[in-house]
Structures are given as C-alpha cells and as structure tokens.
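If you want UniProt numbering, it's the 1-based position in the sequence shown plus 2. Glycine residues also receive a C-beta, built at the ideal position from the N, C-alpha and C atoms. Since the model is a prediction, treat every value here as computed from it, not as a measurement. For reference, the structure is listed below as structure tokens.
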Amino acid sequence: TTDAVWLAPGEPQEIQSDLVTRFQQEYGRAASGTWFAPGRANLNGEHIDFHAGRCLPLALAHGTYVAAAPRTDGQLRLRTLDPSLDDGVTMVAPDAIGPGAAVEATGHWSQYVSGVLWALRELGDSQPEFQVDPDFGADLLVLSTLPIGGGLSSSAALECASMLAFLALGTPFGQENPLQNLNAALTKQHRKDLAAACVRAEVEVVGAGTGGLDQSAALRARPGKVLSLDCRDFSVTPLDIGCILRGYRLIAVDTGEAHRLADGQFGQRRADAEAATALLGLDRLRDALPERPRKADVTHVLEEFDRLSEQLETLEGRSIAACRRRLRHALTEMVRSEKLHHLLSGDSYGVRHIASTIGDILTAGHMSMRDDAEVSFDVADMVVETALAQGAEGARLIGGGFGGSVLVLISPAAIPKLTAALERISRSIRLLDVAPSAAAHAL
Ligand code: GAF
Numbered sequence: 003t004t005d006a007v008w009l010a011p012g013e014p015q016e017i018q019s020d021l022v023t024r025f026q027q028e029y030g031r032a033a034s035g036t037w038f039a040p041g042r043a044n045l046n047g048e049h050i051d052f053h054a055g056r057c058l059p060l061a062l063a064h065g066t067y068v069a070a071a072p073r074t075d076g077q078l079r080l081r082t083l084d085p086s087l088d089d090g091v092t093m094v095a096p097d098a099i100g101p102g103a104a105v106e107a108t109g110h111w112s113q114y115v116s117g118v119l120w121a122l123r124e125l126g127d128s129q130p131e132f133q134v135d136p137d138f139g140a141d142l143l144v145l146s147t148l149p150i151g152g153g154l155s156s157s158a159a160l161e162c163a164s165m166l167a168f169l170a171l172g173t174p175f176g177q178e179n180p181l182q183n184l185n186a187a188l189t190k191q192h193r194k195d196l197a198a199a200c201v202r203a204e205v206e207v208v209g210a211g212t213g214g215l216d217q218s219a220a221l222r223a224r225p226g227k228v229l230s231l232d233c234r235d236f237s238v239t240p241l242d243i244g245c246i247l248r249g250y251r252l253i254a255v256d257t258g259e260a261h262r263l264a265d266g267q268f269g270q271r272r273a274d275a276e277a278a279t280a281l282l283g284l285d286r287l288r289d290a291l292p293e294r295p296r297k298a299d300v301t302h303v304l305e306e307f308d309r310l311s312e313q314l315e316t317l318e319g320r321s322i323a324a325c326r327r328r329l330r331h332a333l334t335e336m337v338r339s340e341k342l343h344h345l346l347s348g349d350s351y352g353v354r355h356i357a358s359t360i361g362d363i364l365t366a367g368h369m370s371m372r373d374d375a376e377v378s379f380d381v382a383d384m385v386v387e388t389a390l391a392q393g394a395e396g397a398r399l400i401g402g403g404f405g406g407s408v409l410v411l412i413s414p415a416a417i418p419k420l421t422a423a424l425e426r427i428s429r430s431i432r433l434l435d436v437a438p439s440a441a442a443h444a445l
C-alpha cells in the first residue's frame, strides 16, 4: 500500500518568484508586489462565530498568494492559477464591483476579490488613510497552496491577500508604507478593521453567511499561537500551544470532498439556530450562557427552549426538533470553547494530560457537528473513526462542513499507520501539517 499524500506549503520565496514570472507572461507587465494570506484550522468553535461565541483558530503555513499591479481605469483583471478554478482571464468593470452588481457568473471566485475592493472603498469612507482612489483598479494573479473548498478557509485567504494588495496599491496608507514596510505599519486595530471589511465583502457581495472566524484568523493569527477569538466584540487573545505541540502533531486531513460556502445548506443550518435564538428572545445566542458556562447551563437553556416551543408546530416553518439540535450544537460548542480557552490560558497541566483533554474536546466537537449541527459527511466520519482507532488523541471536522477537512491531534509515532489507513478510505485524501503560522503579509 501507499500512504496518503502530504500537501506541502511550499517555499514562499520560490512561489513568489514563480508567480511574478507568470504575471509578466500573462499581463505583459511587471507585478508591483506579492501578498499572502494563510488558511486556518480551528481547535473549536464551529458554527458559533455568528452567535457571538468563541473560536480557537490558528493560521496554516498554506495559503493564497496574490501578485498584483495597479490600473488607472477602475477595472479588475483577474486570473487564478488553481487548476480547479482557472477559466482564463476575468475582467470586472467598475460598475460590476459591489453588492448586487452584475457579475457574469454568480458565485464566481472573482466576486471574492471584487467584493473586497468594494469593502475597502467603504472602509476608506470613514478612514482617510484607507481611501481608495476612484480610478483605482488592478491586475491580479492568484495562486493557492490550499485545497480549494477544503474547509481550510481558501475563500478568506483569497479575500485577505487581495485586501492587502489593494491596500498597498490603492490607498495613501500603501503609498506611505511601500512593499514589506506595510507589515510593520499595520496595527492590530488596522488588521481588525480589515478583517471586518473582508467579512462585509463575503456577506454583502458574495452572499455567503460567513461569521468572521476565517477572516480574523487570516489577518490576525500569530505564529506559534492559537487565536482565542471572542466573537462578542472580536477581541483576540493569542494563546501558546507549545504544550500541545511538544510531543504531538496537529494534522489537517483534507477529505477531497469540496464544499461551497455560498450554497444553501450552510445558510439553512445557520437559520435553524437563529430561529431558536429568536424564540429564546435573544439577539445573540452567546448571551444565553454565563461567562464561564457549564453543561448544566446548556441543559437549562434547552429546557427553556422546550417550554417555549411546546405549543408550536414549527419554528418559522422549520422543524422544532432540528432547531433544537442546532441549538444544542451551538451551546455545547460554546462550552467547549470556553473550557479550551481556560485550559490553554493556564500552565498547570502536564503535556499528556492536556493533549488527551484537548483530544477529547476535539472528538466531542465532531460528534456534535455530526449529530446536532448535522454538517458532517461519510468520509469525514470515517476519517475521525480511523484516526481514533490509530491512536489519535482526538479528531474533528473543521470549517462549515458538507465537505472539507478533519483536524487530528496525534503523536508522531502513530502517523505512519494513520496515513496508510487513510489511503484505504479514499485516494483523494491529502494531509497538511498544521504548524501555527503568521497572519497575512506582504512578501
Ligand atoms: C465557515 C464560515 F465562513 C465561518 O464564518 C464559520 O461560520 C465556519 O464556517 C464554521 O465555524 O468557514
């Protein structure tokens, strides 16, 4: 037997120099620079960013590279080198940039890019340093080392790398801080604002119900750390995970089944949970639980839900039982996130103890994604079972679900058997080493 194949992140300098050469060939002009944004994994906190819950993402070394040069006719000229998406050059006219604009094919990848230019223009209206020249446009060439639609935030990586390119080439901020100077000039607050703008692009232009986890990870992650992201106010606490990574490895197993965030199922799950939230009389589900929630608090909220829904046939036309399951996923996921946050904030745990505790949280998260959120799928369930059978500390589906990747915490000694076993599940499986990496930057 052969082993499942590893997807390497590649050498950034080599990728950059290839991309710049391709840019010259494609557009007959030189690129002004190259920008990168990473994909992400997430230890816990799926489908709760839009409920103001806590997420614990970390940036991958894999991500999306954008080489770009400015134009003065307001147009975007775009091409991706990803074989699964490449359909030649796309031109986006100025009046096709923004919400509801007539982009030729709805859901086309170029919308993530044009949406970001629109969102930066909006941000620039209130922040003069980010004001984009009205005639600004750009040529972009895109290359990703992430599996597209692999649940590792390839969309947000594209948005965030494009955002930095537009910032660098089209704003006073970029002119004052050329090339790599941009990296040091970007404050934490800038990065927070830019992440929020990328969310607007995805929600208002692409029409996908993203909650901000992915863009925050791509723009605000720290090398060597997990980002504890409190989606009540999008504040972040970087937490050390040396305690897990000494003696263990985190691996993302891309199942090879691509998901599409803009399609209906993700939105349906979110709407079920929002209907339950509304029945509870809340704007944000996180407010149903105390600061440091426990299992008993979840039981209490579910009882309240049962009482309120007792006389109802449906909830906004939705099945009450299904809404209750979405509610239970979100609430238990919030409890797991808080537990993990406190676990990683303290230093009183032995390596083995903390690894097995975190592993248990991962696996419990998967069961909840499978049975309550109902966003898992056969291959992901098989990967989790296989990883556990091969001695992993824990494993779970990450991202929006309906395709995508499973995160596995495992000791290095167990990896060879795992990779051989995964290969028997599907030949499309790819493995990515999850090494907590840096946020989006200029190369
Ligand atoms: C997708 C969304 F874009 C995120 O905002 C988040 O909701 C995630 O699914 C699930 O946690 O990646």
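Cα-Cα separation, Gly-244 to Cys-162: The residue given as residue 244 occupies position 242 in the sequence shown. The residue given as residue 162 occupies position 160 in the sequence shown. Their Cα atoms are separated by approximately 27 angstroms.
Indicate the three-state DSSP secondary structure (helix, strand or coil) for Phe-268 in the structure shown. As a first step, residue 268 is located in the sequence shown; it is residue number 266 there, counting from the start. Residue state, collapsed to three classes: helix.
Give a yes or no on whether the C-beta atoms belonging to Asp-274 and Leu-434 are separated by under 8 angstroms. Position 272 of the sequence shown, counting from 1, holds the residue named residue 274. Position 432 of the sequence shown, counting from 1, holds the residue named residue 434. With respect to Leu-434, Asp-274 sits apart: the two C-beta atoms are not nearer than 8 angstroms.
Counting Cβ pairs, one atom from each stretch, are 3 or more of them under 8 angstroms apart for the segment 53-69 and the segment 141-160? yes
Could you have a look at Val-105 and say whether DSSP puts it in helix, strand or coil? Here residue 105 is taken as the residue at index 103 of the sequence shown, counted from 1. The predicted position of Val-105 is uncertain, since its pLDDT is 48 and thus under 50; a value taken from the coordinates is nonetheless stated next. Of the three classes helix, strand and coil, the one that applies to Val-105 here is coil, per DSSP.
Where does Ser-128 fall in DSSP's three states? Taking the sequence shown and counting its residues from 1, the one referred to as residue 128 is at position 126. If DSSP states are grouped into helix, strand and coil, Ser-128 belongs with the helices.
So, are the CB atoms of Leu-333 and Val-377 less than 8 angstroms apart? Against the sequence shown, residue 333 aligns to sequence position 331. Against the sequence shown, residue 377 aligns to sequence position 375. No, they are not a contact pair.
Looking at the ligand GAF, does it come within less than 7 angstroms of Asp-51, judged from the CB to the closest heavy atom? Here residue 51 is taken as the residue at index 49 of the sequence shown, counted from 1. True, at least one ligand heavy atom lies under 7 angstroms from that Cβ.
Report yes if the CB atom of Met-93 is closer than 8 angstroms to the CB atom of Leu-122, and no otherwise. Looking up residue 93 in the sequence shown gives position 91. Looking up residue 122 in the sequence shown gives position 120. No, they are not a contact pair.
Pick out the complete beta strand (DSSP E) segments inside the segment 372-412, 3 residues or longer, and give them in chain order. Here the runs fully enclosed are 396-400, 407-412.
Here's the rule I'm using: 16 or more other beta-carbon atoms within 10 Å means buried, otherwise exposed. How should Glu-315 be labelled? The residue labelled residue 315 in the question sits at position 313 within the sequence shown. Looking at its Cβ environment, which holds fewer than 16 other Cβ atoms inside 10 Å, Glu-315 is exposed.
At the 8 angstroms Cβ level, is Ala-278 part of the contact set with chain D, yes or no? In summary, chain D is missing from the structure at hand, where a single protein chain is found.
Residues bridged to Thr-239 [DSSP beta-bridge criterion]: The residue given as residue 239 occupies position 237 in the sequence shown. Paired residues: Ser-230.
Residues near Ile-400 in its chain [Cβ-Cβ closer than 8 angstroms; skip 5 each side]: Along the sequence shown, read from residue 1 onward, the residue named residue 400 stands at position 398. Correct list, in chain order: Ala-43, Asn-44, Glu-48, Gly-153, Leu-154, Ala-254, Gly-406, Ser-407, Val-408, Leu-409.
Give the C-beta separation of Ala-198 and Ala-61 to the nearest angstrom, bearing in mind that I take them to be a contact with Cβ-Cβ under 8 angstroms. In the sequence shown, residue 198 corresponds to position 196, counting from 1. In the sequence shown, residue 61 corresponds to position 59, counting from 1. Not confirmed; about 18 angstroms, so no contact.
Just grab the DSSP bridge partners of Met-93 for me. Mapped onto the sequence shown, residue 93 falls at position 91. Residue pairing by DSSP puts Met-93 in a beta bridge opposite Arg-79.
Quick check on the burial criterion: 16 or more other C-beta atoms within 10 angstroms. Buried or exposed for Gly-402? Along the sequence shown, read from residue 1 onward, the residue named residue 402 stands at position 400. Per the 10 Å Cβ criterion, buried.
Contact check, Phe-38 vs Ala-442 under 8 angstroms by CB: the rounded distance? For this step, residue 38 is matched to residue 36 along the sequence shown. For this step, residue 442 is matched to residue 440 along the sequence shown. Under the criterion of beta carbons closer than 8 angstroms, Phe-38 and Ala-442 qualify as touching, at roughly 6 angstroms.
Arg-73 to Ala-366 span [Cα, whole Å]: Walking along the sequence shown from the start, residue 73 turns up at place 71. Walking along the sequence shown from the start, residue 366 turns up at place 364. Distance between the alpha carbons of Arg-73 and Ala-366 is about 50 angstroms.
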